[in-house]
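Enquirer:
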Amino acid sequence: MPKHLKPARNYWLVKSEPDVYSFADLLRDKQTFWDGVRNYQARNNLLAMRCGDAVLCYHSNIDKAVMGIAEVVRTAYPDPTVEPEEAKGNWVCVDICAVQALTPVTLAMIKAEPRLANIALIKQSRLSVLPLTPEEYTLLCALGGVKNAR
DNA sequence: GCCAACGTTGGC
DNA sequence: GCCAACGTTGGC
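As structure tokens, this is what we get:
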């Protein structure tokens, strides 16, 4: 396909607590549904995901590091874990599949990297689904030992 | 365990 | 519509 016709690809970062669901779990499962988001801004980011978008998986709390690369394989659909009293939020989930693990890129490494000074992970530290620029994505992959990440 | 950041709720 | 109180997240 000619380069100028290549569909736009977006880049995202999602957080999880590793003792709840880790990137190792995703590698084992191959694919999962990314559920449980109950924040409107994070939900809107889920709604903006397209098949083929790249997703970096970050572990909060214990590891505080980007652990691996995943890819969106199904766009937003109703989150099956929504409780009746949460229904008005129109909460959604997406399906992602594992692509490959990274050498963990720690939060300390990210904070030490001037080119990542404006990353949403730091600017909006409580948001669990956030956008990345292509440059941030490529750099995080490189820091994790993956050059020329797709 | 503490606290900063920040989203949500509810009284007015 | 404002804002105080409260709850949650996540880093330290």
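Note that the first sequence covers residues 1410 to 1559 in the working numbering.
Just so it is clear, CB atoms sit at the ideal spot from N, CA and C, and this is done for glycine as well.
#1: Could you tell me whether the Cβ atoms of residue 1490 and residue 1445 are closer together than 8 Å?
#2: Measuring only the C-alpha atoms, how far is residue 1436 from residue 1507?
#3: Are the CB atoms of residue 1459 and residue 1419 within a distance shorter than 8 Å?
#4: Quick one: residues in its chain with C-beta nearer than 7 Å to the C-beta of residue 1487, no 5 flanking neighbours on either side, listed in chain order?
#5: Taking residue 1422 and residue 1539 to be in contact with their CB atoms under 8 Å, please state how far apart those CB atoms are, rounded to whole angstroms.
#6: Suppose you measure from the CA of residue 1529 to the CA of residue 1493; what does that come to, to the nearest Å?
#7: Assign residue 1444 to one of three DSSP states: helix, strand, or coil.
Expert: In terms of the structure at hand:
#1: As a first step, residue 1490 must be located in the first sequence, where it is residue number 81. As a first step, residue 1445 must be located in the first sequence, where it is residue number 36. For the pair residue 1490 and residue 1445, the CB atoms are nearer than the 8 Å cut-off.
#2: Here the question's residue 1436 lines up with position 27 in the first sequence. Here the question's residue 1507 lines up with position 98 in the first sequence. If you take the alpha carbons of residue 1436 and residue 1507, they lie about 6 Å apart.
#3: Counting from 1 along the first sequence, the entry for residue 1419 is found at position 10. Counting from 1 along the first sequence, the entry for residue 1459 is found at position 50. It is a contact, given that the beta carbons lie within the stated cut-off.
#4: Walking along the first sequence from the start, residue 1487 turns up at place 78. The answer, listed in chain order, is 1501.
#5: Start at 1 with the first residue of the first sequence, and residue 1422 comes out as number 13. Start at 1 with the first residue of the first sequence, and residue 1539 comes out as number 130. At roughly 5 Å, the Cβ-Cβ gap stays under 8 Å, so residue 1422 and residue 1539 are in contact.
#6: As a working mapping, residue 1529 is identified with position 120 in the first sequence. As a working mapping, residue 1493 is identified with position 84 in the first sequence. Distance between the alpha carbons of residue 1529 and residue 1493: 31 Å.
#7: Residue numbering aside, residue 1444 sits at position 35 when the first sequence is read from its first letter. Correct three-state label for residue 1444: coil.
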